[in-house]
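One structure is given here, and the rest of the page talks about it.
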Amino acid sequence: MDFVSNKGPQLQQMLEAIGVKNIEDLFCSIPENIRLPRPILDDGMSEYDGMKHMEALSAKNTYAGFDNYLGAGAYEHHIPAIVNAICSKSEFLTSYTPYQAEASQGMLQIIFEFQSAICAMTGMDVSNASLYDGASACAEAILMALRHRNDRSKILIARTLHPHYRAVVEQYLASHDFHVDYIPFHKDGRIDQEAFHNLLDHSTAAVLLQYPNFLGVVDDIKALSSQAKKCGALTILCANPLIYGLFSSAAELGVDIAVGDCQPFGLPLQFGGPYVGYMACKEDLVRQMPGRIVGETVDTKGRRGFVLTLQAREQHIRREKATSNICTNQALAALAALIGILWYGKEGLKKLALTNFQRASYLKSKLQSLTNFSSSEAVSFNEFAIDFDRPLEHIMDHFRRHGIEPGLDLGRYYPEFKGHLLVAVTETKSKMQLDHYYKTAVAIRGR
Amino acid sequence: MSKTIFEKSQREQHAYSLPADEEEFQRFLPPQNLLRKVPLPLPEVSEIDLTRHFSELAHKNVGIDNVFYPLGSCTMKLNPRVNEWAAGLPGFVRTHPLAPEETIQGNLQLIHELLEILCYLCGMTAGTLLSNAGAQGEFVGIRMIASYHKKRGEGGRKEILIPDNAHGTNPATAAMAGYTIITIRSNKHGDLDLEDLKNHLSDRTAGLMLTNPNTLGLFSSHILEIAKLVHESGGLLYYDGANLNPLLNIVRPGDMGFDVMHINLHKTFSTPHGGGGPGSGPVLCNDKLKEFLPVPKVELVNGSYKLVWDEVGSIGRIASFHGNFGIYLRAYLYAKLHGNFGLRKIAEASVVNANYLKKKISGLFTVPFSQHCLHEFVIQADNYIDRGIRAMDIAKRLLDYGVYAPTVYFPLIIKECMLIEPTESESLATLDRFVDIMHKIVEEIQTHPELVKTAPHTKPVTRLDEVLAAKRPILKHLTLNL
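Following this line, the structure appears as structure tokens:
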């Protein structure tokens, strides 16, 4: 099938109007020796066949049948029904980037509200319209800091930053002459403050930390950022934004650039994307910010309206001098996140964060009570590492046989954490499910 | 006046619900010293008010479902709803990106097959779906070119050549990847100036980034010669696939001589643009560059699909996980529904539509390039300047007639230009209506130029003060800090 409107009679009429005999004449600028012959057999599908095909593919994914305890940057949360209802509205789903502001006030106001919500949670002064994902948000923040501190060339990155994010940052820095040092951590998952102090110097442009960090631990960010500040380095904090519902905001922690992924609000796991990166910063950094920014203004009659603004930073105006090459961002995913945030609202977000903290703490403490298993005493949020102290392969198999995907094998990224699982618990896990996890773990210990 | 959601807050109202709490959970409390001191300055809104707020905003926005959207270079075609249906299937929605391979065979099969389809269509041998948008695809491609030269001991190639009519992302990408940008002139036919190209090719050339058909909607008939010249200088050819729509099953970038390319799936393959994303920008390449593709990759081994997380030679990672899976799965279904047969029809109909529209409105404007165009064309609204009317005014007046405006003032090299792309989706009647509207606007320019100059008149707002917005930036709800 196809979605082409014009059929034989219209095409004929149009070709006559154009003044050519057949369609091929319109392609005469293409060298003949590389032009392909027209396919003869219709190898397409009907809509019904296409739907059956997709259902069959979807059914090959058996993952949905497991109790999911995997997190590591992608979290299973309840998605309010209103999110899809609004995101599937034609006016949002099928519109382009709001270039013609007068016909795009809806999307422009949405971006303005998204920026406001991000500022509300992080406590920062300004936010952009979104970036691709958490990883690219980290990379863009580093580049932004290096432009701001263009007399400096060293970057410090916590080893406890998501390993995938670290790799993407390296990708963005690979063609440039900057030096990256990684900040080590203690056995309990907290950043080694003394080592950090030793690495930090007056050539350091920025420090990139995660909150909670990849191992689930809530570090003393304030202590780290104030050390950075003394050296004149910017602090970039990559955070699961849900933590801001309960724990200190980025502004309270002395952060200069707040980044992360809004996936926990309104976006399903969907195999890793689309998610939506966010970036907010202090006011004096705004002209170094990458991506779209929406601002409030007035029309010729003095009425309030919204426009894309500070565009002199962007690729379509500045070309090679732009702050980034980003053009398309994640607008519809940002809308989903915005609705998720608003649905919970002022009180709900705090309660959601607390619920996540409590359910994770419940499972963590139950597992800690088992003599052979241990977990760090450091404060965690909705994810924690647990040491099973034996090869994980059989343990994972055992859990899976009981319908549980028990978490991430940390040894895959940190050799020193061989035998550790990283377990994420959100509001989607009931006491019954958590107790099932615990009992399944007890059975392992008994063997 | 339009209220923001923050201004609709009413104390203690809310929409959320949370699962029942358990006593055993409640004894866990985070340490006081780590808690936020400033209460969350978020609005308190009920579900009905939240719903109405966004319905109100929807009325102030338009998409391809609502109006004709001839935005040049953006390929605003129908976004079939069956794609949305497929993207919502639980097997896709509920898979974690780090889930074990054996539980995600459907996803991995889809990735593997989509890459095969795209490689076939483009004449390439391998690819990746990881890049989250066209511009990120460009970055991946340029990083692969850098790795290629480095491996051959030619890391000194530090220049990327880019035509003056290229999308802004091309020079911005090359700069991000650490290259010096050399701009190549267009000649009076709208084609790349071969002499200028020859003058700039050297042992410093890493590659040429080219869009073909270019941003004027013109296919470069010298493409094979261009490719030969670049390759002879030791450089590589990057194909910006933003304009791939008119070439589907007509001609393949690989056969034109390109080494690496990206596709904007939200253009050619109908994935919804969502008001500015999420997009998806797969990168495809030939054997020369295959080894540098980013990770993770999907491989088919003895009938089951495997994920390769690391590989020697690869440029490494580009995305948090597997890119915008939920987007490229829509493109996959779109390609399957059409088959090669249907995809060719897209290319043909898009080119017929563009040439028809060009012919029909060419009497009203300056037509800088008279030859047949492919999927889009440029006109210049420079013949009404003496009446005080510029391209932007015509664009704004179009909004009043219930169509979206074409791309204006791009490409930057054409004065008062409008770049018009009707796509294959549109019917003859829609195109004729657009022609009628253009005639009416030109008539208005003669009789009531003020009407055009102050347009739009029927939208929620009239023209907005962009200077004020930049001079005194208000970038968030103002009382947020109260």
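Protein chains in written order, with the working numbering: chain W, 901 to 1347; chain P, 12 to 493. Built from N, CA and C at the ideal position, the CB exists for glycine as well.
Below 8 Å, enough C-beta pairs join the segment 1191-1202 of chain W and the segment 479-489 of chain P to call them touching: three or more. Listed along chain P are L439, each with a C-beta nearer than 8 Å to that of W/Q913. From the beta-carbon of W/I1193, the residues of chain P found nearer than 7 Å are L486. Against chain P, a Cβ distance below 7 Å from W/G944 picks out L348, H349, G350, F352 and G353. As the crow flies, the alpha-carbon of W/E1214 is around 7 Å from that of W/S1224. Contact between W/R1059 and W/Y1082 holds: CB atoms are separated by about 5 Å, below the 8 Å threshold. If you look at P/Q147, you'll find it in the alpha helix (DSSP H) that goes G145 to K162. At least one CB of chain W lies nearer than 8 Å to the CB of P/Y27. In the DSSP assignment, P/R105 falls outside any alpha helix (DSSP H) and carries neither an H nor an E. Rounded to the nearest angstrom, the gap between the Cα atoms of W/I1143 and W/K1251 is 11 Å. Counting only residues of its own chain and dropping the five nearest sequence neighbours on each side, W/A1158 has a CB closer than 6 Å to the CB of T1022, M1024, L1137, A1150 and A1180.
Three or more beta-carbon pairs drawn from the segment 943-963 of chain W and the segment 109-119 of chain P are found closer than 8 Å, and the two stretches are therefore classed as touching.
When rounded, the separation of the alpha-carbon atoms in W/I1344 and P/V104 is 31 Å. Cβ-Cβ separation between P/P460 and P/R398: approximately 5 Å, consistent with a contact (criterion under 8 Å). Along the segment 1156-1173 of chain W, going in chain order, the ones with a CB nearer than 8 Å to a CB of chain P are D1161, P1168, L1169, Q1170, F1171, G1172 and G1173. Against chain W, the beta carbon of P/D76 has neighbours under 8 Å at S990, E991, L993 and T994, listed in chain order. In this structure P/G327 is in contact with W/A1067, their Cβ atoms being roughly 5 Å apart against a cut-off of 8 Å. P/A146 and P/G189 have their alpha carbons spaced roughly 15 Å apart.
Its chain contains E112, E113 and Q116 as the residues whose beta carbon lies nearer than 8 Å to that of P/S315, once the 5 sequence neighbours on both sides are disregarded; these appear in chain order. Our two residues, W/A1123 and W/V1155, have alpha carbons roughly 11 Å apart in a direct line.
According to the DSSP assignment, P/P174 belongs to the beta strand (DSSP E) that extends over E170 to P174. One finds N260, N351, F352 and R355 in chain P with Cβ atoms closer than 7 Å to the Cβ of W/P939, taken in chain order.
Pairing P/H242 with P/T216, the inter-Cα distance amounts to about 10 Å. Pairing P/V472 with W/K1201, the inter-Cα distance amounts to about 8 Å. Judged by DSSP in its simplified three-state form, P/E432 adopts coil rather than helix or strand. P/I431 and P/H277 have their C-alpha atoms spaced approximately 18 Å apart. Cβ proximity to chain W below 8 Å picks out L68, A69, H70, K71, N72, V73, G74, I75, D76, N77, Y80, L82, C85, M87, K88, L89, N90, P91 and V93 from the segment 68-94 of chain P. Contact between W/R1187 and W/L1208 is absent: CB atoms are separated by about 15 Å, not below the 8 Å threshold. When DSSP states are grouped into helix, strand and coil, P/M135 belongs to the coil group. Using beta-carbon distances, P/D476 counts as an interface residue toward chain W, with a partner under 8 Å.
Residue pairing by DSSP puts P/T377 in a beta bridge opposite P/Q391.
Counting along the chain, W/Q1110 sits inside the beta strand (DSSP E) bounded by residues T1104 to Y1111. Taken in chain order, the whole alpha helix (DSSP H) runs of length 4 or more contained in the segment 300-338 of chain P number zero.
The beta carbons of P/P108 and W/F1171 sit closer together than 8 Å. Looking at the DSSP output, W/V1080 sits in a beta bridge with W/I1055. Note on geometry: alpha-carbon atoms of P/V294 and P/K347 lie some 19 Å from one another.
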